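Here's the structure, in structure tokens; my notes come after.
In this note's numbering, the protein residues as written are 84 to 185.
Here is the structure:
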């Protein structure tokens, strides 16, 4: 069953990518839509990141996880190396949870 799900997702992903290449010249979108489309993709990515950072199982994730994400965002904004960003975010979350912060 798991293999079938993985194969289905792979085929769907590949299909979306191929459709984008094949239909690029066939779809005639207004100029306004062409300008807004990259912004919509960024907004969707931001919404997914916020949902993953702030919720767990349909409820708020507590304080520790968003604090770790905030540390990661600040370090990434300061252009710290990626491994430092990931480790600092994980350590921040782990230390807060060790101290009993949910």
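Ideal Cβ placement from N, Cα and C applies to all residues, glycine included. Nothing here was measured: the structure is a model prediction, and the numbers come from that model.
- Annotation: the continuous alpha helix (DSSP H) that includes residue 117 extends over 114-137.
- Taking C-beta atoms as the reference points, residue 149 and residue 157 fail to come closer than 8 Å.
- Taking every protein chain shown into account, the CB of residue 151 has 16 or more other CB atoms within 10 angstroms, so this residue is buried.
- Contact annotation: residue 147 and residue 113 have beta-carbon atoms that are not nearer than 8 Å.
- The beta carbon of residue 180 lies closer than 8 Å to those of 147 in the same chain, with the five residues before and after it left out.
- With a 10 Å radius around the Cβ and a threshold of 16 neighbouring Cβ atoms, residue 123 comes out exposed.
- Excluding sequence positions up to five before and after residue 99, its CB lies less than 7 Å from no other CB in the same chain.
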